[in-house]
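*Asks:*
In the numbering used here, the protein residues as written are 974 to 1108.
#1: Roughly how many angstroms separate the alpha carbons of residue 1106 and residue 1076, rounded to a whole number?
#2: Give the list of continuous beta strand (DSSP E) stretches no shorter than 3 residues that lie fully inside the segment 1010-1065.
#3: Say whether the segment 1023-1033 touches the segment 1058-1074, bearing in mind that this needs 3 or more beta-carbon pairs closer than 8 Å, one atom from each stretch.
#4: Looking only at its own chain, which residues have a Cβ that is under 6 Å from the Cβ of residue 1100, when we skip the five neighbours before and after it?
#5: Assign residue 993 to buried or exposed, taking buried as 16 or more other Cβ atoms, counted over all protein chains shown, within 10 Å of its Cβ.
#6: Can you tell which of 1096, 1056, 1057, 1051 has its C-alpha closest to the C-alpha of residue 1082?
#7: Quick one: what does DSSP say residue 1071 is sitting in, helix, strand or coil?
#8: Just checking my contact of residue 996 with residue 1043 at CB under 8 Å: how many whole Å lie between their CB atoms?
#9: Would DSSP call residue 1076 helix, strand or coil?
#10: Residue 1003 by DSSP, collapsed to three states: which one?
#11: To which residues of the same chain is residue 1026 closer than 7 Å at the C-beta, ignoring the five residues directly before and after it?
#12: State the Cα-Cα distance for the pair residue 1073 and residue 1089, rounded to the nearest angstrom.
#13: Should residue 963 and residue 1001 be called a contact, given that it needs their Cβ atoms to be closer than 8 Å?
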């Protein structure tokens, strides 16, 4: 039974990692595409440039908000799973083989991922505004 619990926790950790990776890559790609698209529209004089800018800006804000909360939830889930894994290792008297300081490195990684996503999101919003202001 312990092996099944161990496998289940590891499977959940893998799913958590995949989900976080999808969130991060999606947000960064959207932010880059949004910055490029809005930068191109900001440079034009067409009547549809501003509405398209607004739609892309709102999309960037919504996606980045979802990713932020998704990463926050992913961090909490990973923390709980790893704490459960450590308890399992303690119960089985094999905790000496797992360095629990790894938990801290995961927290730092989540902070860094969040900073990257939010920074690219802010850049995606600010770049077109700067282009508009300099015209």
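Note that the Cβ used here is the ideal one computed from N, Cα and C, for glycine as well.
*Replies:* The relevant details are as follows:
#1: So the two alpha carbons sit approximately 45 Å from each other.
#2: None, since the segment 1010-1065 contains no complete beta strand (DSSP E) of that length.
#3: Output reads no: the segment 1058-1074 does not touch the segment 1023-1033.
#4: The residues are 1008, 1012.
#5: Counting Cβ neighbours within 10 Å, residue 993 comes out buried, since at least 16 surround it.
#6: It is 1051.
#7: Correct three-state label for residue 1071: coil.
#8: Taking the Cβ atoms as the reference, residue 996 lies roughly 5 Å from residue 1043, within the contact range of under 8 Å.
#9: In this structure, residue 1076 counts as helix in the three-state DSSP scheme.
#10: If DSSP states are grouped into helix, strand and coil, residue 1003 belongs with the helices.
#11: The answer, listed in chain order, is 1011, 1014, 1015, 1101.
#12: Their backbone Cα atoms lie some 26 Å apart in a straight line.
#13: Outside the displayed span of the chain (974 to 1108) sits residue 963, for which this structure offers no information.
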